[in-house]
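The next block holds one structure in the form of structure tokens; read it before the comments.
Below is the structure:
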């Protein structure tokens with residue numbers, strides 16, 4: 001791979017804005033709230049301190065909402081190309097991108113020469129209105145269409161809260177670190193060692209991401225030349241959405257609410273199946289007596305089980321997945337009287353398979 005690897009940088013909020021951003025994220029979508037029932041305190045942070053809550057807060061937008069988008073500069077022709085490419089995400093996510101003439105757009109695009117980047121998801125709400133939340137530092141009117149596709153899809157992926165794929169907790173890239181430091185420390189990126197560590201080697205924790213298996217074809221993955229890895233490992237330029245990109249975004253922002261299947265509190269399992277990519281199955285049950293209950297799945301399919309309530313489909317109580325191990329997803333919690341909802345999805349957005357589910361008194 002002789003072409004220069006010209007990539008975006010991680011754009012993060014200053015430390016004094018993190019707590020405010022977390023509050024805005026939770027206001028935007030309740031499911032962004034941290035699940036304190038299943039998280040251990042972070043090292044060095046008092047349990048449930050504001051900074052811990054902020055670090056554990058998600059950044060996704062409310063499903064079904066319209067995001068306003070505006071340009072701070074750039075030619076009319078380049079703006080039109082950016083809009084056309086960005087709208088590809090609308091085919092898979094239950095979100096609408098409104099590129100109208102807005103006084104205070106939520107996503108603000110600049111073309112300042114230099115780096116390309118975007119703030120992650122709802123972090124954009126904490127940026128001053130006069131400042132961009134996304135920048136295309138090397139796109140011009142003469143940029144090839146496939147380069148515009150690569151960069152715009154990637155940056156709008158970040159704007160919809162997708163992380164870099166090489167920072168996926170499931171990634172296992174055999175980096176040649178001395179070669180990486182030498183390469184990215186020079187032009188066109190000119191990164192410091194700390195920037196390289198942050199942008200390339202750091203991985204997100206499984207506790208703060210919804211992630212899939214590592215996807216070599218993801219639009220969120222940098223090109224990785226063989227010269228920067230150990231052994232024979234290389235990834236080319238990804239310029240279009242992969243099937244996993246599409247399925248993951250459909251899982252993150254589902255287009256239709258799943259039908260609700262009623263469960264009774266009983267030792268008997270109910271048979272079910274995930275028959276389509278990105279399918280989410282939703283169950284409901286009623287608790288009349290306050291005590292401890294277990295919601296559990298059984299079967300060979302790798303599933304993620306989430307429990308919501310009481311009387312809410314968005315207030316997350318706990319979550320578990322079998323992680324591909326020889327066990328089944330199970331959530332046990334002390335429940336008060338009310339209506340509860342269990343959501344089951346495949347661990348992989350492209351996975352399918354049968355499973356069984358039951359709600360039982362935990363004894």
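Residue numbers (UniProt numbering): 1 to 363. Even for Gly, the Cβ is constructed at its ideal location relative to N, Cα and C.
Please name the residue, chosen from the options, that lies closest to residue i on a Cα-to-Cα basis.
{"i": "residue 64", "options": "72, 80 and 91", "result": "91"}
{"i": "residue 366", "options": "189, 142 and 118", "result": "Only positions 1 to 363 of the chain appear in this structure, which leaves residue 366 out of reach."}
{"i": "residue 292", "options": "252, 285, 263 and 335", "result": "335"}
{"i": "residue 141", "options": "79, 270 and 107", "result": "79"}
{"i": "residue 149", "options": "87, 330, 199 and 196", "result": "87"}
{"i": "residue 137", "options": "74, 164 and 89", "result": "74"}
{"i": "residue 279", "options": "232, 321, 343 and 110", "result": "343"}
{"i": "residue 260", "options": "217, 313, 275 and 239", "result": "313"}
{"i": "residue 230", "options": "177, 245, 346 and 250", "result": "177"}
{"i": "residue 345", "options": "72, 129, 201 and 321", "result": "321"}
{"i": "residue 66", "options": "18, 122 and 111", "result": "122"}
Would the C-beta of residue i count as close to the ligand SAH, meaning under 6 Å from any of its heavy atoms?
{"i": "residue 295", "result": "In terms of ligand content, the structure shown is empty, and the ligand SAH therefore cannot be addressed."}
For the putative contact between residue i and residue j, defined by C-beta atoms under 8 Å, what is the C-beta separation to the nearest angstrom?
{"i": "residue 395", "j": "residue 272", "result": "A query on residue 395 cannot be resolved here, the shown segment of the chain reaching from 1 to 363 and no further."}
{"i": "residue 61", "j": "residue 103", "result": "Between residue 103 and residue 61 the Cβ distance is about 20 Å, and since that is not below 8 Å, they are no contact."}
{"i": "residue 254", "j": "residue 94", "result": "6 Å"}
{"i": "residue 158", "j": "residue 222", "result": "Residue 158 to residue 222, Cβ: 13 Å. No contact."}
{"i": "residue 340", "j": "residue 285", "result": "6 Å"}
{"i": "residue 333", "j": "residue 318", "result": "6 Å"}
Which one or two residues does DSSP pair with residue i in a beta bridge?
{"i": "residue 233", "result": "Bridge partners of residue 233: none, in fact."}
{"i": "residue 360", "result": "294"}
{"i": "residue 287", "result": "338"}
{"i": "residue 135", "result": "110 and 117"}
{"i": "residue 306", "result": "319 and 343"}
{"i": "residue 355", "result": "272"}
{"i": "residue 175", "result": "229"}
{"i": "residue 71", "result": "109"}
{"i": "residue 364", "result": "Residue 364 falls outside the range modelled here, since the chain spans only 1 to 363, and no answer is possible."}
{"i": "residue 280", "result": "345"}
{"i": "residue 265", "result": "359"}
{"i": "residue 203", "result": "According to DSSP, residue 203 bridges with nothing at all."}
Closest Cβ-Cβ distance between residue i and chain C: below 7 Å?
{"i": "residue 172", "result": "Although the question refers to chain C, the structure presented lacks it and comprises just one protein chain."}
Between which two residues does the alpha helix (DSSP H) containing residue i stretch?
{"i": "residue 19", "result": "18-28"}
{"i": "residue 77", "result": "76-86"}
{"i": "residue 148", "result": "145-159"}
{"i": "residue 220", "result": "Note, residue 220: premise wrong, no alpha helix (DSSP H); not H, not E."}
Which residue comes first and which comes last in the beta strand (DSSP E) that contains residue i?
{"i": "residue 261", "result": "260-262"}
{"i": "residue 197", "result": "It is not in any beta strand (DSSP E) - residue 197 carries neither H nor E in the DSSP assignment."}
{"i": "residue 98", "result": "96-98"}
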